[in-house]
Each structure stands twice: as C-alpha cells, then as structure tokens.
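The structure under discussion appears below in the form of structure tokens.
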C-alpha cells in the first residue's frame, strides 16, 4: 500500500496512561509491507526514531522515500516476502496518530498542551492495541533505533509473551544526564520563542523549532563528518562580518535542516516526545535491581556506534554488562562510523549482516529465501 492506513482504537474504553490520566478514542497511523501469515506469527514491528514516521520504506518505485529504504524490500535485510512488517506513527506524534495537534473530541479544539503527558510505555500500549486489532499473535522481532530502540526494549518487558526478539540500535536503557540536557536545551528554544504562545501558536514557533532541530543535528552526526564535509568552506555569497548572513557552508546546512523541519513536524509533539525519552529508564534508578527484566529470556541484539555523540558508547557498553547480569540473552556489537548516532539510518553495509544473522538465528518462522 502506498498510503498511510489509520485505525481508531480505545473508542469504548479510554487508554489509561502511566500517569493515571485517560485518553480516547485514539487514531493510529500505520503502514504495512508484506502479508500476515495464516498463523499470524510472521510480524516484524519497526519502531521509528524521534522525528520519524510510519513511512519506513517505499511501497513502489515512484513512492516517496522512507527512512529505512535500504533495509526493507525484496532481497533486502527485511524482506516483505518473509515478513509482515508494520511501522506505526507513535502516539503523541504528528504524522497520522493522535497527538497534541489532534482535535479533542470532548472540546472540539486541538489538544495542544492540554494533551496528557505520556511515556514510552504508553506509546507501546497503543501499538499493542493495534496489533491485537490486526490479529497478530506473535512478533518475530521488534526493531528500532534511537527512540525506536527504547520502544523495542519496552516491548520485551511489557509483552514478552508475544515478542520473539529485540533489535536495539544505538539506544540506551536510560537516557544519560547529557542527553537529557540536550533535550532540555531544545525544549527551551521552543518554549522561549515569542510565537510559541503557551502552545497555542498559529503556524509554528519557527525560530525555536528550527533551533531545536539544529541542536539535534549536532548530536546526530560527528565532528569528523562535519570536518570532512564542510571544513571551513564558505557559501558563494558570503561576506566577512555579515552577522545576519550565513557565512560558512555548515551554517547553511544547519539552517536548511531547521527550516525544512519546521515544515513537517509539530512543535508541541517535539516537546512531549523528547520528555518521553528523558523519562525512559528500565534500569530501575540506581541500577542495582532487576525486577523489570526478571525472567525475560528474549534474544536481544544491542548495537552501539563508537562515535555516537548523543548516546555515548560507554553507556551502551554499561548497558550490555547490565543485560548480561540480568541473564538476558544479549548479543552486542559495536559499529565504527563517521555518521555517529545516525549511522543506523545510512550505513546499510555495516548493519545488514548483524541484523540479518540475528533474525535468521532467532526467527521461528521458515524463511522463503
């Protein structure tokens, strides 16, 4: 299918969130690839990162590119001939699933900052309800990078009875103080924009949201990549001392990233989702207990990127040791890349063998290829 599908859930019984608030009905936007087997057990659930969408890959040649086209398709790492692949737009997002920019049926107005606070745990409650509605009884693997890896990890904890395995790419078991600090800076840029208007903005708080995106881009890539790509090259119309103009190519690049982001993502969703990332912690504060993972024997692939400037490699190494201590059957790899945190989105040749081998080893379905 080449278009987003939507399903309305929690129509009769609202969803109870982790903070005790309720919300319903909830519309879920999702896209699928391949066919659900008669046994309804060949599902792979893809989890997108912070600003991703349900459109993970093209459905046909002329379709718009997805965020993981290199990994999904005929003969690729995740082949629709073998799997029924589902990717949802997350709860609280702005690309087809109920979020702050959706209309509250009770008031007839957009939720804006009246939208209830939610967590990663709440996001996957919505996904589980969708899979139930579609009749899925077993998920071969839940796969995600960054915020998507957090969702995949939460699946293992909350729904181990249907989760066959977890593939977590470049995501910790809890965000570090440094990562939380970056998210705060980005939120403050939005909140302090004069056009934010307490969340009741017209259009977008463009300056604040663009600045937040630029800060994010600095954490997603590496200093090595910026140096190789831009050095100190200037733009064609640069003039020394022109403070208001873009002088260096890296400035032009970041400004473009910020401006284009404003056109596709809602500022309020950005606030809520970054906070959900901050709150995510399956280590149990202090990292000295293990009730969340007790008894969970789900194969778990953890892949860290050595140059990651958002979720540092020393945090991923620590998490690997924790998972081993908790007797989780974990496999760990490190990828060297100049792309840093974004490596899992762009370097298929480095991630394909890791993901493909893991899926082959831990899939209980018979693959056609």
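In the numbering used here, the protein residues as written are 6 to 374. Every residue gets a Cβ at the ideal spot worked out from N, C-alpha and C, and that includes glycine. Computed from a prediction, not measured in an experiment: that's the story for all the values here.
Whole angstroms are fine: how far does the CA of residue j sit from the CA of residue i?
| i | j | result |
| --- | --- | --- |
| residue 126 | residue 231 | 35 Å |
| residue 38 | residue 128 | 21 Å |
| residue 94 | residue 233 | 34 Å |
| residue 291 | residue 277 | Confidence at residue 291 is low in this model, with a pLDDT of 49, below 50, so its placement is unreliable and no value can be given for it. |
| residue 188 | residue 282 | 9 Å |
| residue 191 | residue 108 | 25 Å |
| residue 335 | residue 114 | 46 Å |
| residue 351 | residue 217 | 22 Å |
| residue 204 | residue 119 | 9 Å |
| residue 201 | residue 280 | 18 Å |
| residue 68 | residue 289 | 43 Å |
| residue 63 | residue 213 | 32 Å |
| residue 66 | residue 80 | 15 Å |
| residue 361 | residue 368 | 10 Å |
| residue 139 | residue 175 | 29 Å |
| residue 241 | residue 259 | 16 Å |
| residue 224 | residue 40 | 37 Å |
| residue 341 | residue 25 | 42 Å |
| residue 73 | residue 89 | 16 Å |
| residue 239 | residue 87 | 49 Å |
| residue 257 | residue 222 | 13 Å |
| residue 237 | residue 16 | 56 Å |
| residue 229 | residue 206 | 38 Å |
| residue 36 | residue 78 | 14 Å |
| residue 208 | residue 313 | 34 Å |
| residue 157 | residue 173 | 7 Å |
| residue 365 | residue 321 | 24 Å |
| residue 269 | residue 31 | 21 Å |
| residue 100 | residue 285 | 22 Å |
| residue 349 | residue 359 | 11 Å |
In chain order, what residues of the same chain lie with their CB nearer than 7 Å to the CB of residue i, ignoring the 5 residues before and after it?
| i | result |
| --- | --- |
| residue 19 | 27, 28 and 29 |
| residue 226 | 344, 345 and 347 |
| residue 255 | 231 and 235 |
| residue 333 | 298, 301 and 305 |
| residue 33 | 11, 12, 14, 93, 102, 131 and 135 |
| residue 339 | 309, 311 and 318 |
| residue 419 | The structure shown does not extend to residue 419, since the chain is modelled only from 6 to 374, so the question has no answer here. |
| residue 70 | 63 |
| residue 337 | 307 and 325 |
| residue 111 | none |
| residue 387 | It is not possible to answer for residue 387, since the shown part of the chain is limited to 6 through 374. |
| residue 116 | 105, 107 and 109 |
Leaving out five residues on either side along the sequence, give the residues of the same chain with a beta carbon under 6 Å from the beta carbon of residue i.
| i | result |
| --- | --- |
| residue 357 | 82 |
| residue 363 | 306 |
| residue 22 | 121, 123 and 127 |
| residue 141 | 45 and 48 |
| residue 159 | 125, 126 and 129 |
| residue 211 | 267 |
| residue 98 | 104 and 274 |
| residue 253 | 239 |
| residue 143 | 46 and 167 |
| residue 355 | 340 |
| residue 185 | 283 |
Please confirm whether residue i has its beta-carbon closer than 9 Å to some beta-carbon of chain B.
| i | result |
| --- | --- |
| residue 365 | Among the protein chains of the structure shown there is no chain B, as only one such chain exists. |
Could you give the C-beta distance for residue i and residue j, rounded to a whole number, given that I count them as a contact under 8 Å?
| i | j | result |
| --- | --- | --- |
| residue 353 | residue 76 | 6 Å |
| residue 162 | residue 287 | 6 Å |
| residue 9 | residue 59 | 6 Å |
| residue 61 | residue 51 | 5 Å |
| residue 165 | residue 271 | Not really, about 33 Å apart at Cβ, beyond 8 Å. |
| residue 177 | residue 324 | 6 Å |
Near residue i, what residues of its chain come up, given a Cβ to Cβ distance below 8 Å and the 5 sequence neighbours on each side ignored?
| i | result |
| --- | --- |
| residue 220 | 187, 190, 191 and 194 |
| residue 303 | 161, 165, 168, 169, 170, 171, 333 and 334 |
Comparing the CB of residue i with every heavy atom of the ligand GTP, is any distance shorter than 8 Å?
| i | result |
| --- | --- |
| residue 78 | Inclusion of the ligand GTP in the displayed structure is not the case, the ligand content being empty and no account of it being possible. |
### Contiguous alpha helix (DSSP H) assignments of at least 4 residues, all confined to the stretch 237 to 324
Entirely contained in the stretch 237 to 324, the alpha helix (DSSP H) runs reaching 4 residues are, in chain order, 254 to 267 and 272 to 284.
### At least three beta-carbon pairs within less than 8 Å, the stretch 146 to 155 to the stretch 46 to 59
With the cut-off at 8 Å, the stretch 146 to 155 and the stretch 46 to 59 touch.
### Query
Whole alpha helix (DSSP H) runs in the stretch 169 to 221 with 4 or more residues, listed along the chain?
List check, alpha helix (DSSP H) in window: 182 to 196.
### Query
Are the stretch 322 to 331 and the stretch 191 to 210 touching by the rule of at least three beta carbon pairs closer than 8 Å?
Note that the stretch 322 to 331 does not touch the stretch 191 to 210; fewer than 3 beta-carbon pairs, one per stretch, sit closer than 8 Å.
### Query
Do the stretch 133 to 149 and the stretch 162 to 171 meet, that is, are 3 or more Cβ pairs less than 8 Å apart?
Touching, yes.
### Task
Decide yes or no for the touch test of the stretch 129 to 144 against the stretch 91 to 105: beta carbon pairs closer than 8 Å, at least 3 of them.
Output reads yes: the stretch 91 to 105 touches the stretch 129 to 144.
### Message
Quick test of the definition: if touching needs 3 or more C-beta pairs under 8 Å, does the stretch 307 to 326 touch the stretch 173 to 183?
### Response
A contact exists between the stretch 307 to 326 and the stretch 173 to 183.
### Query
At what residue ranges does the stretch 9 to 44 contain a whole run of the beta strand (DSSP E), taking only runs of 3 or more?
Listed in chain order, the complete beta strand (DSSP E) runs (minimum 3 residues) inside the stretch 9 to 44 are 10 to 14 and 31 to 38.
### Query
Curious, which full-length beta strand (DSSP E) runs of at least 3 residues does the stretch 331 to 366 contain?
The qualifying runs are 335 to 340.
### Message
Please give the ranges of any beta strand (DSSP E) in the stretch 99 to 161, keeping only runs that are unbroken, at least 3 residues long and fully inside the region.
### Response
The stretch 99 to 161 contains these whole beta strand (DSSP E) runs: 144 to 150.
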